[in-house]
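There are 2 protein chains.
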Amino acid sequence: MIKYYTEHKKILVAIDCIIFGWDDGQLKLLILKRDFEPAMGEKSLIGGFVKEDESLDNAARRILYLLTGLSDIYLEQLYTYGEVLRDPGERVISVAYFALLKIQDLDPEHVRKHGAHWVHISKLPELIFDHNVMIQKAFKRLRRRAKNEPIGFELLPKKFTLPQLQGLYEEIYRKKFDNRNFRKKVLDMQILKKLDEKDKSSSKKGAYFYKFDKIKYDRLLREGFNFNL
Amino acid sequence: MIKYYTEHKKILVAIDCIIFGWDDGQLKLLILKRDFEPAMGEKSLIGGFVKEDESLDNAARRILYLLTGLSDIYLEQLYTYGEVLRDPGERVISVAYFALLKIQDLDPEHVRKHGAHWVHISKLPELIFDHNVMIQKAFKRLRRRAKNEPIGFELLPKKFTLPQLQGLYEEIYRKKFDNRNFRKKVLDMQILKKLDEKDKSSSKKGAYFYKFDKIKYDRLLREGFNFNL
DNA sequence: CCAAAAGTGTTCAGCTTACACCCATGA
DNA sequence: TCATGGGTGTAAGCTGAACACTTTTGG
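These protein sequence lines map, in sequence, to chains A and B.
The numbering used here applies: residue 357 is where the first sequence begins, and numbers increase by one.
The numbering used here applies: residue 357 is where the second sequence begins, and numbers increase by one.
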């Protein structure tokens, strides 16, 4: 193969993943204790370097799979961080990815074995480099998406109750919603299937389970429908 | 300096700029005829490689300055394209930037000398690699921003008329707006200063010039105001 | 029987949209 | 004087926000 760009310098390219999960009524992030220099022992996002023969998206998927054992994670490129001195080890450009997963799909052992753990978004420690900045951006992206795309369902279990869904949104937007208005808006979209089953785990009366109806959602999309919460 | 990441491969990182301009009532893009291999002679976006000692943002500014002679351009990172085979010359990751400028600030000679020219967005030719995809994304970004941020004023001259502003928005959204509603909405935001001067170039009656009042806009922002059109 | 969470409708305000005519002026 | 583009107000519909009580049932 002829190389055309030989006069230009190459640069290390990394991936960092901001992974959101929803657990026990709380929005959490997956954080790692770094086991290599520089900054060994400090807290960081999950990351890795992009290989010569893989796309950015594939690199992100590989890194996520390595750490979670999951391959069907919601994944979206977030932003690329390229300050010259952002990594004290060497010049590294980092492409940040935004990921959502259902914590209950995860093998807790697998995660712990890799030194990762979940941290509530209000209790984030100081992370290395510009990782806290990345998280800020990811959180904004989460808010925008949650308003306009049905991505909340990527965090909840397949079967969820309306109080759970509302709790998730209240955590994402850090404010309370009126439950009558919230339920009305969600149900009016007609993208949820009500199940006969109830979740009795958090009340005596029990709350009906719902499922996100992706087929119907996709059909409505084609008809010009817009998700809006 | 100790190198920590020696086992990882480096990759070429490029910048590509999607540059919007507003001229003669039309939304245009700045396009280049490529003067190096591969794909010499084909049409492309303005681009270049990131140097070892410059940030991504600075690389984008450098490349824009080189081509336009301007340094106060609206500039925003758009997305990073990283398919392995996107550039047939070699593996290159490209960070796309989204830029807006006032065509009348530009020295037409300077631009022409570099082989660049403006193309109306509906008459875009086939560009190299994934550049057309980048433009699609940039156009979506433009639409989102134009709705929620006062970026239309980056494209218009300092003094502009309301019919001009409306024309710009109609071109961005490819649809007509009701002029009464449009004017009302814009003026209600109270971020335009009406001048005494009129533009008589496109009608006998003449249309009043306005200026975007950035000071006032910034003050309103701090008070929780949101631009919305 | 009672505590605790689930579920349910209506009203009002504000915003968006639709819509048509007069004004100023240069040619 | 007339053709051309600039400028103006109002009514109807829709959407978002506020608001309080009944239901269910395990303990």
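Just so you know, even glycine gets a beta-carbon here, dropped at the ideal spot from N, CA and C.
Small disclaimer: the values here were computed from a predicted structure and weren't measured.
| task | Mind checking who A/Asp372 pairs with in its DSSP beta bridge? | result | A/Gly403 and A/Ala452
| field | Environment of A/Lys458 [buried if 16+ CB atoms lie within 10 Å] | value | buried
| Using a beta-carbon distance below 8 Å, is B/Leu524 in contact with chain A? | Not closer than 8 Å to any Cβ of chain A, the Cβ of B/Leu524 fails to qualify, so no.
| said: Between which two residues does the alpha helix (DSSP H) holding B/Phe538 run? | reply: Asn535 to Asp544
| query | Around the Cβ of B/Met490, are there at least 16 other Cβ atoms within 10 angstroms (buried) or fewer (exposed)? | reply | Counting Cβ neighbours within 10 Å, B/Met490 comes out buried, since at least 16 surround it.
| field | Per-residue contacts from A/Tyr529 into chain B (C-beta, under 7 Å) | value | Ordered by position in chain B, no residue passes the 7 Å Cβ test against A/Tyr529, which lies about 16 Å from the chain.
| So, is the C-beta of A/Leu577 closer than 8 Å to a C-beta in chain B? | No, its Cβ sits nowhere closer than 8 Å to a Cβ of chain B.
| query | Which residues, in order along the segment 425-447 of chain A, keep a beta-carbon less than 7 Å from a beta-carbon of chain B? | reply | Gln433, Tyr435, Thr436, Gly438, Glu439, Val440, Gly445, Glu446 and Arg447
| request: Kindly indicate the opening and closing residues of the alpha helix (DSSP H) around B/Glu465. | output: Pro464 to Lys469
| query | Alpha carbon to alpha carbon, what distance is there between B/Ser559 and B/Phe516? | reply | 14 Å
| request: Could you check what DSSP says for B/Ile367 in three-state terms: helix, strand or coil? | output: strand
| task | Starting from A/Gln460, follow the alpha helix (DSSP H) in both directions and report where the run begins and ends. | result | Per DSSP, A/Gln460 belongs to no alpha helix (DSSP H) and is neither H nor E.
| said: Let me make sure I understand the geometry here. Which of A/Gln520, A/Phe405 and A/Arg539 has the alpha-carbon closest to that of A/Asp555? | reply: Closest by alpha carbon: A/Gln520.
| message | On a Cα-Cα basis, can you pick out the residue from A/Lys567, A/Asp569 and A/Lys359 that is closest to B/Asp443? | response | The shortest Cα separation from B/Asp443 among A/Lys567, A/Asp569 and A/Lys359 belongs to A/Lys359.
| What residues in the segment 358-388 of chain A bring their beta carbon closer than 7 Å to a beta carbon of chain B? | Answer set for the segment 358-388 of chain A: Lys359, Tyr360, Tyr361, His364, Lys365, Lys366, Ile367, Leu368 and Val369.
| task | Would you please state the rounded distance, in angstroms, between the beta carbons of B/Cys373 and B/Gly403? I believe it to be under 8 Å. | result | With 8 Å as the limit, B/Cys373 and B/Gly403 qualify as a contact, their Cβ atoms being about 7 Å apart.
| request: With 8 Å as the threshold, decide whether the Cβ of B/Ile449 is near any Cβ in chain A. | output: yes
| query | For A/Ser411 versus B/Gly438, is the C-beta distance shorter than 8 Å? | reply | yes
| Can you list, in chain order, the residues of the segment 547-570 of chain A whose Cβ is nearer than 7 Å to any Cβ on chain B? | Listed by position, the residues of the segment 547-570 of chain A near chain B (Cβ gap below 7 Å) amount to none.
| Endpoints, beta strand (DSSP E) assigned at A/Glu526 | Element bounds for A/Glu526: not the beta strand (DSSP E) but the alpha helix (DSSP H), Leu518 to Tyr529.
| query | What does B/Lys567 pair with, by DSSP beta-bridge criteria? | reply | B/Lys515 and B/Lys549
| message | Looking at chain B, is there any beta carbon in it that lies within less than 8 Å of the beta carbon of A/Asp506? | response | With the sequence shown as reference, residue 506 of chain A is identified as Pro, and Asp is not the correct amino acid for it. It does not: the Cβ of A/Pro506 has no partner Cβ on chain B nearer than 8 Å.
| request: Could you run through the segment 388-407 of chain A and flag, in chain order, every residue whose CB is less than 8 Å away from some CB of chain B? | output: Phe392, Glu393, Pro394, Phe405, Val406 and Lys407
| message | The beta strand (DSSP E) that contains A/Ile387, what's its start and end? | response | Gln382 to Lys389
| Does the Cβ of B/Lys503 lie closer than 7 Å to at least one heavy atom of the ligand ATP? | Although the ligand ATP was asked about, the structure shown includes no ligands whatsoever.
| task | On a CA-only basis, which of A/Lys366, A/His364, A/Leu431 and A/Leu462 is nearest A/Ile507? Give me that one, please. | result | A/Leu431
| task | Check whether the Cβ of B/Asp409 lies closer than 8 Å to any Cβ atom in chain A. | result | yes
| query | If you draw a straight line from the C-alpha of B/Arg447 to the C-alpha of B/Ser427, how long is it? | reply | 30 Å
| Straight-line Cα distance separating B/His466 from B/Ile419 | 14 Å
| task | Measure the beta-carbon distance from B/Leu518 to B/Arg539 and round it to whole angstroms, keeping in mind my assumption that it falls under 8 Å. | result | 6 Å
| message | Assuming the contact rule is C-beta atoms closer than 8 Å, B/Phe509 and B/Phe568 should be a hit. Round their C-beta distance to whole Å, please. | response | 4 Å
| said: Distance check for A/Val369 and A/Val423, CA to CA, integer angstroms please. | reply: The question names Val, but residue 423 of chain A in the sequence shown is Leu. Approximately 19 Å between the Cα atoms of the pair.
| request: Report the option in A/Leu577, A/Lys479, A/Gln382 and A/Ser400 whose CA atom is closest to the CA atom of A/Gln546. | output: A/Leu577
| task | Could you pull the start and end residues of the beta strand (DSSP E) that A/Tyr430 belongs to? | result | Tyr430 to Tyr437
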